[in-house]
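A.B. asks: Okay, handing you the structure first.
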Amino acid sequence: MNLDAKDRRILELLQRDSTISNAELAHAVGMSTSACWRKVRALEDAKIIERYGAYLNPARAGLSFQAIVHVQLTRHDPDKVEEFIQAVNRRPDVVECFATTGQADYHLRVLCRDLAAYNAFLEGFLFQQTAVESAQTNVVLRDIKKHSPIPV
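Here it is in structure tokens:
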């Protein structure tokens, strides 16, 4: 899908506030409400807009421990890798996972209640995965930049 200037403006506005009404969005973009609604639906159908949601404050939700975990796998056969990926996807405390180049194979962003809960995550889950060789933890001290809009 080729994005025109109005598509880009719609995406910018929705990233700032996904609760904006269609009427407000149409007015801000300079379109009729029906034309704006069709454009938003087209962006959704094209999977440019994947979903709508709310950003939560983890600490206020009781999850004050945050870590980035660099995971190296010992076994790279497809079955073990898929088993690891499926296990990670089932874990609610793993909020993001990236397969990367470099020394670590995967980088996980993990949110927990506290250090004890994180230790339980390591011992009861991560180190139980047969494909995991090692993990290095970087504790997040504070968020500097997050929830940034995608530049369109």
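Numbering (the UniProt record's numbering), first residue to last: 1 to 152. We treat Cβ as the ideally placed atom computed from N, Cα and C, and that holds for glycine.
1) In the DSSP assignment, find the unbroken alpha helix (DSSP H) run with HIS27 in it and report its ends.
2) Quick one: using the 10 Å Cβ neighbour count with 16 as the cut-off for buried, is LEU56 buried or exposed?
3) Using the C-alpha atoms, what's the distance from PRO151 back to LEU115?
4) Tell me which residue opens and which closes the alpha helix (DSSP H) that LEU122 is part of.
5) Using 10 angstroms around the beta-carbon of residue 163, count the other beta-carbons present and answer buried if the total reaches 16, otherwise exposed.
6) Compute the Euclidean distance between the alpha carbons of PHE65 and PRO58, then round it to the nearest angstrom.
7) If contacts are defined as beta-carbon pairs under 8 Å, then GLN136 and HIS70 qualify, I think. What distance do you get, rounded to the angstrom?
8) Is the CB-CB distance between LEU13 and ALA28 below 7 Å?
9) Among the residues of its own chain, which have a CB less than 8 Å from the CB of GLU83, if the five just before and after it don't count?
10) Give a single yes or no on whether ARG109 has its beta carbon closer than 6 Å to a heavy atom of the ligand MN.
11) Looking only at its chain, what residues have a beta carbon closer than 6 Å to the beta carbon of VAL81, apart from the 5 residues adjacent to it on each side?
12) Going residue by residue through the segment 39-109, where are the continuous alpha helix (DSSP H) segments of at least 4 residues, counting only ones entirely within it?
C.D. replies: Result, derived from the coordinates:
1) Where HIS27 is concerned, the enclosing alpha helix (DSSP H) starts and stops at 22-29.
2) Burial call: exposed.
3) So the alpha carbons of these two residues sit roughly 35 Å apart.
4) Segment 115-124, the alpha helix (DSSP H) holding LEU122.
5) Any answer about residue 163 is impossible in this case: the structure gives the chain only from 1 up to 152.
6) Going from the Cα of PHE65 to the Cα of PRO58 covers about 9 Å.
7) Under the criterion of beta carbons closer than 8 Å, GLN136 and HIS70 qualify as touching, at roughly 4 Å.
8) With respect to ALA28, LEU13 sits close: the two C-beta atoms are nearer than 7 Å.
9) Around GLU83: GLN129, THR130 and ALA131.
10) By its list of ligands, the structure shown contains no ligand whatsoever, and the ligand MN lies outside what it can speak to.
11) None.
12) 78-90, all fully within the segment 39-109.
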